[in-house]
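Positions in the sequence shown are counted from 1; adding 3 to them yields the numbering used here.
We put the CB at the ideal spot given by N, CA and C, even for glycine.
For clarity, every value in this text was computed on a predicted model and none was experimentally measured.
Notes follow the structure.
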Amino acid sequence: MKQDLVVDSDEALNRKMYLVNNALDEIGFTWCHAKLFMLAGFGYSVDSQLDAIQSSVKVVVDRQFGIDFPVATQIFYVGLLVGAAFWGFSADIIGRKLAFNLSLLLAAVFRPYYWWNELVSHLLAFGAGGNIATDVTIFLEFSPAKYTWLTTFMAAFWGVGQTVAVLVAWAFVPSHLCLAGTPCPSSENRGWRYCWYTNSGIVLGLALLRLFWFDMNESPKFLVSNGRDAEAVATLHAIANKHERLCSLTLEELLDCGEVKDAHDFKTNGYTVKSVFSAAVAHVKVLFCSKKIAYLSTLIFLSWTLIGLCYSTFFNFVYIYIQLHGGNTSGSTYITYRNTSISQFVGIFGPVLAAYMVTFKRLGRRGTMAIGAIITMGILFGYTTVRTQLQDAVFASLTYFFINIYFACLCAYTPEVFPAIARATGGALGVLFSRVGGIFTPLIYYYGLKSGSSVPIWVCGAVIGFLGFIALLLPFEPTRFRSV
Numbered sequence: 004m005k006q007d008l009v010v011d012s013d014e015a016l017n018r019k020m021y022l023v024n025n026a027l028d029e030i031g032f033t034w035c036h037a038k039l040f041m042l043a044g045f046g047y048s049v050d051s052q053l054d055a056i057q058s059s060v061k062v063v064v065d066r067q068f069g070i071d072f073p074v075a076t077q078i079f080y081v082g083l084l085v086g087a088a089f090w091g092f093s094a095d096i097i098g099r100k101l102a103f104n105l106s107l108l109l110a111a112v113f114r115p116y117y118w119w120n121e122l123v124s125h126l127l128a129f130g131a132g133g134n135i136a137t138d139v140t141i142f143l144e145f146s147p148a149k150y151t152w153l154t155t156f157m158a159a160f161w162g163v164g165q166t167v168a169v170l171v172a173w174a175f176v177p178s179h180l181c182l183a184g185t186p187c188p189s190s191e192n193r194g195w196r197y198c199w200y201t202n203s204g205i206v207l208g209l210a211l212l213r214l215f216w217f218d219m220n221e222s223p224k225f226l227v228s229n230g231r232d233a234e235a236v237a238t239l240h241a242i243a244n245k246h247e248r249l250c251s252l253t254l255e256e257l258l259d260c261g262e263v264k265d266a267h268d269f270k271t272n273g274y275t276v277k278s279v280f281s282a283a284v285a286h287v288k289v290l291f292c293s294k295k296i297a298y299l300s301t302l303i304f305l306s307w308t309l310i311g312l313c314y315s316t317f318f319n320f321v322y323i324y325i326q327l328h329g330g331n332t333s334g335s336t337y338i339t340y341r342n343t344s345i346s347q348f349v350g351i352f353g354p355v356l357a358a359y360m361v362t363f364k365r366l367g368r369r370g371t372m373a374i375g376a377i378i379t380m381g382i383l384f385g386y387t388t389v390r391t392q393l394q395d396a397v398f399a400s401l402t403y404f405f406i407n408i409y410f411a412c413l414c415a416y417t418p419e420v421f422p423a424i425a426r427a428t429g430g431a432l433g434v435l436f437s438r439v440g441g442i443f444t445p446l447i448y449y450y451g452l453k454s455g456s457s458v459p460i461w462v463c464g465a466v467i468g469f470l471g472f473i474a475l476l477l478p479f480e481p482t483r484f485r486s487v
């Protein structure tokens, strides 16, 4: 049996988590876990889907309304940032269940007019912004230790969402758009609206599946972290009984471990501004409770910031660079969406390979991250030689595949090494820092359009290579431990 990864100084909480982990391992993997995996994966899909559709239609939207600076992208990333902070922090306070069910509903909104489009873009991004932080946390806290590799595999849904978004754009935009340099009334530029209607319908359907297909229990690790031991035991026994599995954990065993120091039982004591703020501050302090944990948190948050900046900057800037240096990758709008759909589809399989690689103890999460990042660096450097549509399609596919290997492991590593009492907070801060990096993308995109310099591509490649080095410096390897 694996040992628990102890990163919190609360001995009572550590002992209780040991017992909960034993109970989860005793119950094993059930149909309940399979459904939760799918529904949590929807969160990844929606997050990337809405980001991709925003990028796919921004040119035709700006053309219709005569917008020069990429306002829509800026507003969208601000919404993602606020959403990551709100849903992540609240998931450690109000619980995982409410955040899990509500976030997708808020992301299913239609957007027909420009300023209404921008306002709702912010609200939509707010709804989707916390999915990565909360959804992988929820699945991890129900999962037996033997199956935690699925948290890496789950990032395949990220590629699914991007592929769906681009396929929808491919279906509607080329046949319903006005050409550059011509009058662009709304009646001749309906494609971007059809994209948003279709994607909002898909997201709404996924949100309703969460609500009605799966009767989710609150996470037992969240309950134990907040002094609700009886509910945690009841939840574990309910899962075991439903699937005819054994669960020998008793309430007396948990109570004998003592009281959790930083528990905040809001269900009993109610919510006040002071108590909620106090709990949020306490959760952040857990992430810096010792020098080693502070070092861990700093490296994780730095990694999220840099990948957020590089991921967004590269895919917004690369086509500008190629066109300004004599290449022709644009072709027709139809060809552009076709090639993008292919590369996004290939990217789905990066996390699939990553999930296999992390099962090797010599590689683990850290080694797999390093490999994905270093190979991506080489591909990005090579991208400066691209001049044709075929070259662009090949390099884009390789880039998506290998960068998603790194991204999948980072998304899994973050909640695995943080304790349950502050797990969603840590995930939220990671995603928040990635959004901070992403906010600078429109600025680089805007000024890169004028300069045509290759510097942004070289910088992105170097920074992603540096991320591979950071991965090797991370102090814990989750493959050898159980998350607490």
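Inset, instruction - Using 10 angstroms around the beta-carbon of I467, count the other beta-carbons present and answer buried if the total reaches 16, otherwise exposed. - result: Sequence index remark: in the sequence shown, residue 467 carries index 464 (1-based). With 16 or more Cβ atoms within 10 Å of its Cβ, I467 is classed as buried.
Legend entry - Three-state secondary structure assigned by DSSP to W248: Mapped onto the sequence shown, residue 248 falls at position 245. It should be pointed out that residue 248 corresponds to Arg in this sequence rather than to Trp. Coil.
Inset, instruction - Would you kindly work out how many angstroms separate the C-alpha atoms of G375 and S278, rounded to a whole number? - result: In the sequence shown, residue 375 corresponds to position 372, counting from 1. In the sequence shown, residue 278 corresponds to position 275, counting from 1. Approximately 42 Å between the Cα atoms of the pair.
Legend entry - Enclosing alpha helix (DSSP H) for M380 [first to last residue]: Here residue 380 corresponds to residue number 377 of the sequence shown, with the count starting at 1. Note, M380: alpha helix (DSSP H), G367 to Y386.
Legend entry - Exposure label - R438; buried when at least 16 CB within 10 Å: The residue given as residue 438 occupies position 435 in the sequence shown. With 16 or more other Cβ atoms within 10 Å, it is buried.
Legend entry - R426 in three-state terms, based on DSSP: Taking the sequence shown and counting its residues from 1, one reaches residue 426 at position 423. In this structure, R426 counts as helix in the three-state DSSP scheme.
Legend entry - Coarse secondary structure for F363, derived from DSSP in three states: One-based indexing of the sequence shown puts residue 363 at position 360. If DSSP states are grouped into helix, strand and coil, F363 belongs with coil.
Inset, instruction - Compute the beta-carbon to beta-carbon distance between C181 and F317, rounded to the nearest angstrom, for a pair I have assumed lies under 8 Å. - result: If you number the sequence shown from 1, residue 181 lands on position 178. If you number the sequence shown from 1, residue 317 lands on position 314. Going by Cβ atoms, the distance from C181 to F317 rounds to 29 Å, so no, they are not a contact pair.
Legend entry - Contact between the region 229-237 and the region 27-41 (3+ Cβ pairs under 8 Å): no
Legend entry - Close beta carbons around S251, own chain, < 7 Å, minus the five adjacent residues each side: In the sequence shown, the residue the question calls residue 251 occupies position 248. Within the same chain, S251 has close Cβ partners E29.
Inset, instruction - Determine the burial state of P223: buried for a count of at least 16 other Cβ atoms within 10 Å of its Cβ, exposed for fewer. - result: Position 220 of the sequence shown, counted from the start, is the residue given in the question as residue 223. Buried, since its Cβ has 16 or more Cβ neighbours within 10 Å.
Legend entry - C-beta contact flag for Q165 and Q52 at 8 Å: Indexing the sequence shown from 1 puts residue 165 at position 162. Indexing the sequence shown from 1 puts residue 52 at position 49. Yes. Within cutoff.
Legend entry - Spatial distance of I409 from E255 (CA atoms): Your numbering for residue 409 matches position 406 in the sequence shown. Your numbering for residue 255 matches position 252 in the sequence shown. Note on residue identity: the sequence assigns Tyr, not Ile, to residue 409. When rounded, the distance between both Cα atoms is 43 Å.
Inset, instruction - Please state whether DSSP places F304 in a helix, a strand or coil. - result: Sequence index remark: in the sequence shown, residue 304 carries index 301 (1-based). Note: F304 maps to helix in three-state DSSP.
Inset, instruction - Give the DSSP bridge partners of R341, in chain order. - result: In the sequence shown, the residue the question calls residue 341 occupies position 338. Bridge partners of R341: none, in fact.
Inset, instruction - Pull up the distance between the alpha-carbon of N17 and that of R485, whole angstroms please. - result: Along the sequence shown, one-based indexing puts residue 17 at 14. Along the sequence shown, one-based indexing puts residue 485 at 482. Going from the Cα of N17 to the Cα of R485 covers about 12 Å.
Inset, instruction - Indicate whether T238 and E262 have their beta-carbon atoms separated by less than 8 Å. - result: Taking the sequence shown and counting its residues from 1, one reaches residue 238 at position 235. Taking the sequence shown and counting its residues from 1, one reaches residue 262 at position 259. Contact flag unset, no.
Inset, instruction - Compare the beta carbon distance of T155 and V361 with 8 Å and say whether it is the shorter of the two. - result: Within the sequence shown, the letter at position 152 stands for residue 155. Within the sequence shown, the letter at position 358 stands for residue 361. Yes, these two residues count as a Cβ contact at 8 Å.
Legend entry - Cutoff 6 Å; reference Y116; Cβ partners in own chain excluding five residues on either side: Taking the first residue of the sequence shown as 1, we reach residue 116 at position 113. For Y116, the pLDDT reaches just 46, beneath the cut-off of 50, and the residue's location in the model is therefore unreliable, leaving the point undetermined.
Legend entry - Inter-residue Cα distance where the pair is R114 and Y200: Here residue 114 refers to the residue found at position 111 of the sequence shown. Here residue 200 refers to the residue found at position 197 of the sequence shown. Model confidence at R114 stands at a pLDDT of 47, short of 50, so the residue's coordinates are unreliable; what they give is reported in the following sentence. Straight-line Cα distance between these residues: approximately 8 Å.
Inset, instruction - Check R193 in the structure and name its three-state DSSP category. - result: Stepping through the sequence shown from its first residue, residue 193 is reached at position 190. DSSP places R193 in coil when its eight states are reduced to three.
Legend entry - Beta-carbon spacing of I378, F405 below 8 Å: By one-based count along the sequence shown, residue 378 stands at place 375. By one-based count along the sequence shown, residue 405 stands at place 402. In this structure, F405 lies closer than 8 Å to I378 by Cβ.
Legend entry - Own chain partners of W118 with C-beta closer than 6 Å, once the 5 adjacent residues on each side are dropped: Position 115 of the sequence shown, counted from the first residue, corresponds to residue 118. Note on W118: pLDDT 46, under 50, position unreliable in the model; no value is reported.
Inset, instruction - With a cut-off of 8 Å on the beta carbons, I'd call C412 and M372 a contact; round off their distance for me. - result: For this step, residue 412 is matched to residue 409 along the sequence shown. For this step, residue 372 is matched to residue 369 along the sequence shown. C412 to M372, Cβ: 4 Å. Contact.
Inset, instruction - Taking the CB atoms as reference points, tell me whether G441 and S346 lie closer together than 8 Å. - result: For the purposes of this step, residue 441 is taken as residue 438 along the sequence shown, with counting starting at 1. For the purposes of this step, residue 346 is taken as residue 343 along the sequence shown, with counting starting at 1. Not a contact, by the Cβ cut-off of 8 Å.
Legend entry - Backbone secondary structure at F484 - three-state DSSP: Locating residue 484 in the sequence shown gives position 481, counting from the first residue. Note: F484 maps to strand in three-state DSSP.
Inset, instruction - Check whether the region 426-437 touches the region 132-146, taking contact to mean three or more Cβ pairs, one atom from each stretch, closer than 8 Å. - result: yes
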